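One structure below.
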Amino acid sequence: MVYEIAQNKITDIKFCKESTQKTFEIGWKDYEEYIEIDVPEDFSFEQCMVYLGRSDTEILHKIEKGEFYKLLNFDGVNILISIAMNLKKLKVTFLEKAPPKPFRLLTAKYMWNMFDLGTDLTQFYKLAETDSIIKLLVDKYKGLRVVKTDDVFEAICWAIIGQQINLKFAYTLKKRLVESYGERVEYKNNEYFLFPTPFVISKLEVEDLKHLQFTIRKAEYVIGVANLLKDGIITKKELLLEKNCEKLKQRLVQIRGVGNWTADYTILKCFDIKDAFPIADVGIYNALKGILKLDEKPSINEIEKLSKNWNGWQPNTTFYLWRWLYE
DNA sequence: ATCCAGGAGTCCG
DNA sequence: CGGACTCATGGA
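So for the first sequence, the numbering used here puts the first residue at 154; every next one is plus one.
Take a look at the structure:
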């Protein structure tokens with residue numbers, strides 16, 4: 154039996170050839186009921202957990218006693234896992250019965266993508282020698298990775314939901330959306346959810362989402378994106394072929410409801426593109442305002458100047474800046 | 001109450 | 001193209 158990788162799932166594990174950055178090879182061991190994945194020497198599971206644990210309203214995973222729980226789905230097959238560090242390796246445990254071997258490989262690849270384990274951050278850390286902002290961030294949060302979202306529908310929806318509202322309310326909206334329309338699995342008195350599929354959301358009316366306190370616009374945007382993906386007008390597989398940040402952005406911005414910020418954010422969260430940078434993000438300028446002790450938020454021009462020093466490492470810098478906000 | 005929040009579309013010159 | 005206006009809802 155051949156297991157196909159769904160089109161919009163699992164980023165190709167091969168890395169962008171034109172990238173000048175070093176990459177690590179994936180390494181993992183299969184122990185049936187769990188797998189162990191090699192991680193870079195500097196990898197900090199704890200720092201990634203701070204990012205992933207930034208909201209107590211997060212519905213798509215749980216963190217308990219430093220252990221991470223999430224429901225995965227490969228081609229219709231649900232896999233409930235927990236993740237923890239064990240002897241400098243990432244240990245992923247299958248909480249229900251161990252899935253067939255191809256799915257254990259997919260799980261390893263999923264983690265590799267989610268924690269961006271392929272990127273060698275040596276050059277990023279070296280930037281700290283010449284950039285005081287990077288130095289401050291790296292000193293504090295070394296080992297934090299760019300935590301990715303595999304599902305492009307989820308990534309775009311989450312960005313749309315987050316437009317122009319505070320993060321707390323954004324998490325509330327996501328929770329309502331997922332609880333209302335996402336698949337649910339129960340395990341030991343806990344519930345775990347999948348992000349809703351484009352198919353399910355495409356069937357909704359604007360009114361359905363208005364009841365969840367979505368604005369009319371956001372409801373239209375989310376349903377619209379669902380239709381584009383459901384009909385195959387947009388596929389992640391096709392988007393992955395575009396390695397140029399600007400060109401990828403141009404394609405995303407054509408989607409109704411996706412402006413500059415949403416496109417930048419989606420690329421950062423869902424694609425392995427090294428100059429993705431949501432320059433209009435209020436989180437970024439709030440962090441910079443705080444770090445640089447500015448009286449007012451920095452202008453786009455000022456951020457552009459700063460970010461030139463970060464060329465090729467904008468995604469990492471963005472995550473480290475966001476991390477600074479969670480102190 | 002007032003301002004802001006991990007904005008986008010539209011219109012107008 | 002760039003700016004002003006509109007939409008829209010909870011949090012602090």
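Here a beta-carbon is modelled for each residue, glycine too, at the ideal position from N, C-alpha and C. Keep in mind it's a predicted model, so treat the numbers as computed, not measured.
Considering only heavy atoms of the ligand NAP, does any lie closer than 7 Å to the CB of residue i?
| i | result |
| --- | --- |
| Asp434 | For the structure depicted, the ligand NAP is absent and the ligand set is empty, with no information on it obtainable. |
With DSSP run on the structure shown, which of helix, strand or coil describes residue i?
| i | result |
| --- | --- |
| Arg329 | helix |
| Trp466 | coil |
| Tyr479 | coil |
| Lys162 | Only weak support is given to the placement of Lys162: the predicted model assigns it a pLDDT of 35, under 50, and the question is left unresolved by the model. |
| Asp428 | coil |
| Glu171 | In this prediction, Glu171 has a pLDDT of 37, which is less than 50 and means its spatial position is unreliable; what the coordinates show is noted afterwards. Glu171 falls in the coil class under three-state DSSP. |
| Phe227 | strand |
| Arg404 | helix |
| Thr176 | strand |
| Thr368 | coil |
Going by beta-carbon coordinates alone, are residue i and residue j separated by less than 8 Å?
| i | j | result |
| --- | --- | --- |
| Leu441 | Ile456 | yes |
| Leu531 | Met264 | The question about residue 531 has no answer here: the residues shown for the chain are numbered 154 through 480. |
| Asn469 | Phe277 | yes |
| Arg298 | Cys201 | yes |
| Tyr473 | Leu290 | yes |
| Glu186 | Ala251 | yes |
| Ile190 | Ala261 | yes |
| Val300 | Tyr204 | yes |
Quick one: give me the first and last residue of the alpha helix (DSSP H) that residue i is part of.
| i | result |
| --- | --- |
| Leu280 | 275–280 |
| Tyr204 | 198–205 |
| Pro255 | 254–267 |
In the DSSP output, what is residue i paired with across the bridge?
| i | result |
| --- | --- |
| Ser235 | Tyr222, Thr246 |
| Lys363 | Bridge partners of Lys363: none, in fact. |
| Asp183 | Ile188 |
| Val338 | Tyr345 |
Looking only at its own chain, which residues have a Cβ that is under 6 Å from the Cβ of residue i, when we skip the five neighbours before and after it?
| i | result |
| --- | --- |
| Asp183 | Arg257 |
| Val406 | Ala416 |
| Ser355 | Ala379, Asn380, Lys383 |
| Trp463 | Thr470 |
| Met238 | Phe198 |
Give every residue of the same chain whose Cβ lies closer than 7 Å to the Cβ of residue i, excluding the five residues on either side of it in the sequence, and list them in chain order.
| i | result |
| --- | --- |
| Ala323 | Ile314, Gly315 |
| Cys310 | Val375, Val378 |
For the beta strand (DSSP E) that residue i lies in, which residues bound it at each end?
| i | result |
| --- | --- |
| Lys356 | Per DSSP, Lys356 belongs to no beta strand (DSSP E) and is neither H nor E. |
| Ile188 | 187–191 |
| Tyr345 | 343–346 |
| Lys215 | 215–217 |
Within the same chain, show all residues whose beta-carbon is closer than 8 Å to that of residue i, passing over the 5 residues directly before and after it, in chain order.
| i | result |
| --- | --- |
| Trp414 | Ala312, Gln316, Pro431, Ala433, Asp434 |
| Tyr340 | Leu233, Leu248, Glu249 |
| Ser208 | Leu320, Lys321, Tyr324 |
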